[in-house]
Amino acid sequence: MRMSVFSPRLMEAITWFLARWSRTYLMPEEIGDINSNSIHDHDSKFRQLHSRRALGRFLGEHNQGKVVLDIIVRISVTTLVAYPGEKDLQELACTQLLHALVRQKNVYVHLVSLDSWRELANAFANEKSLFLLNSANQRSLAQTLVLSANGMKNLEASNQ
């Protein structure tokens, strides 16, 4: 049903959006020097800072951030498994979306506790459909999974 409702191009747009959104709001970089000469730059940075704080408060309340992470991971798994011949879509999921989730410790610590992330790791190790990814996407996915292992609390769990 998903493939009849969501075309590969629509999934590419969704994946691209989620990758950009994740980098901006789940893992915001520092705003930079507030002492800018331009009033417009200062106002823009001020609005951006407040919108990030508001979203951060929302994601922090009642573990909403974990729910959002879980949804993003499940969408990523769907793009990798349900669209086997779509190399551009798979590349977006592997190199941009999933890689964006392991950029900062405060995110990947929560990421490794998700069932969907464990399912992705298990699928990478055991599912034949992910063996069909091209070598660059397999390397990117492997790198992402290894980077996420930094969020595990003990060495034994990260080795698995």
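Its first residue numbered 263, the sequence shown is counted upward by one per residue in this note's numbering. A virtual CB, placed ideally from N, CA and C, is assigned to each residue, including glycine. Just so we're clear, the structure is a prediction, and the values are computed from it rather than from any experiment.
Nonlocal neighbours in the same chain, by C-beta distance under 6 angstroms from residue i, ignoring five residues either side
i	result
residue 348	270
residue 343	391
residue 281	358, 359 and 362
residue 402	356 and 357
residue 291	Because the pLDDT of residue 291 is 45, which lies under 50, any placement of that residue in the model is unreliable, and the number read from its coordinates should be weighed accordingly. Counting only Cβ-Cβ distances below 6 angstroms, and skipping sequence neighbours, we find nothing.
Residue of the options minimising C-alpha distance to residue i
i	options	result
residue 406	367, 361, 375 and 396	361
residue 267	345, 382 and 399	345
residue 367	381, 409, 401 and 400	409
residue 380	399, 339, 398 and 401	339
residue 385	404, 369 and 398	404
Contact under 7 angstroms by Cβ, residue i with residue j
i	j	result
residue 414	residue 374	yes
residue 395	residue 358	no
residue 277	residue 376	no
residue 284	residue 336	no
Contacting residues, own chain, Cβ-Cβ under 8 angstroms from residue i (five flanking each side not counted)
i	result
residue 372	327, 328, 331 and 413
residue 334	280, 284, 359 and 363
residue 389	343
residue 370	363, 364, 409, 410, 412 and 413
Neighbourhood of residue i by C-beta, 7 angstroms cutoff - its chain only, sequence neighbours within 5 removed
i	result
residue 341	273, 277, 351, 352 and 355
residue 383	407
residue 398	none
heavy atom of the ligand MG below 6 angstroms from residue i C-beta
i	result
residue 367	With respect to the ligand MG, the structure offers nothing, as it holds no ligand at all.
Practice item. Please go through the segment 330-418 and give each complete beta strand (DSSP E) segment of 3 or more residues, from N-terminal end onward. Key: Whole beta strand (DSSP E) segments, 3+ residues: zero.
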